[in-house]
Amino acid sequence: LLSLMSTPVRPNPPPKETLLLVLTGSRQAPYFIQKPTSIKVTLGEDAMFKCKVQGSPPLSVNWEKDGRHLRNRSDANRFQIESAGESNALTIQCTQLGDSGTYTCRAENPIGSASASALICCHVFGGRSSCQTIFSLLSNAEEAKFSRQPPSVSMMLLHWSLER
Numbered sequence: 130l131l132s133l134m135s136t137p138v139r140p141n142p143p144p145k146e147t148l149l150l151v152l153t154g155s156r157q158a159p160y161f162i163q164k165p166t167s168i169k170v171t172l173g174e175d176a177m178f179k180c181k182v183q184g185s186p187p188l189s190v191n192w193e194k195d196g197r198h199l200r201n202r203s204d205a206n207r208f209q210i211e212s213a214g215e216s217n218a219l220t221i222q223c224t225q226l227g228d229s230g231t232y233t234c235r236a237e238n239p240i241g242s243a244s245a246s247a248l249i250c251c252h253v254f255g256g257r258s259s260c261q262t263i264f265s266l267l268s269n270a271e272e273a274k275f276s277r278q279p280p281s282v283s284m285m286l287l288h289w290s291l292e293r
């Protein structure tokens, strides 16, 4: 939108007509041009969510897990949040079983807000068994041992037993 106004200016020597040009643009609430997508990863591997958000500045983008800000977690150092222009990414380093859940990217500016969510499921056995399947196996077992060598961990051993 372009507005033109003519305003007389009265300086001490001879008066001149000055043209004052006022540029106004439409302001927009945030909106997603690319939403994060749900992913499955092997336990111990890194996971990444990506999204693209546009809207009028100042634009603030935050990530949450199951409704809780990631920066408020005791293990927040495993979560890397990157923003470059409209591109935003969340990297979860060395995934753990507790990382499974719903992750939400929330964008806000003075005009409004937008959010988009995606799920992550951490696989225990290189993609052969999902988190839900492993929990159901464990609930029917008296003792279970699993071992795997993820790329970023030297050795992981999960030992679980049910006391009756």
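Using the numbering used here, the letters of the sequence shown map in sequence onto residues 130 to 293. Cβ atoms here follow ideal geometry from the backbone N, Cα and C, with glycine treated the same way. Small disclaimer: the values here were computed from a predicted structure and weren't measured.
Contact belief for residue i with residue j at Cβ below 8 Å, rounded distance in angstroms
| i | j | result |
| --- | --- | --- |
| TYR160 | ALA218 | Contact doesn't hold; Cβ gap of about 18 Å is too wide. |
| THR224 | SER246 | Contact doesn't hold; Cβ gap of about 18 Å is too wide. |
Alpha carbon of residue i to alpha carbon of residue j, nearest angstrom
| i | j | result |
| --- | --- | --- |
| THR220 | GLU174 | 11 Å |
| SER203 | THR171 | 22 Å |
| SER167 | TRP192 | 15 Å |
| ALA205 | HIS198 | 9 Å |
| GLU211 | MET177 | 11 Å |
| VAL253 | LEU226 | 8 Å |
| ASP195 | LEU248 | 10 Å |
| CYS250 | PRO165 | 14 Å |
| LYS179 | LYS169 | 14 Å |
Assigned exposure category for residue i - 16 Cβ within 10 Å defines buried
| i | result |
| --- | --- |
| LEU188 | buried |
| SER229 | buried |
| ALA213 | exposed |
| ASN238 | buried |
Same chain, Cβ closer than 7 Å to residue i, five either side skipped, listed in chain order
| i | result |
| --- | --- |
| ASN240 | Checking the sequence, you will find Ile at residue 240 rather than Asn. Same-chain partners within the cutoff: ARG156, GLN157, ALA158 and SER185. |
Boundaries of the beta strand (DSSP E) in which residue i is found, first to last residue
| i | result |
| --- | --- |
| LYS194 | 189-194 |
| VAL253 | VAL253 -> no beta strand (DSSP E), and no H or E assigned at all. |
| ARG235 | 230-238 |
| GLU215 | From DSSP, GLU215 is part of no beta strand (DSSP E); its letter is neither H nor E. |
| GLN315 | Not covered by the structure: residue 315. The range shown for the chain is 130 to 293. |
Residues near residue i in its chain [Cβ-Cβ closer than 6 Å; skip 5 each side]
| i | result |
| --- | --- |
| SER216 | LYS181 |
Residue-chain proximity (residue i, chain D), Cβ-Cβ < 9 Å
| i | result |
| --- | --- |
| CYS251 | Any reference to chain D falls outside this structure, which holds one protein chain only. |
Own chain residues within Cβ distance below 8 Å of residue i, not counting five before or after
| i | result |
| --- | --- |
| ILE162 | LYS181, VAL182, GLN183 and GLU215 |
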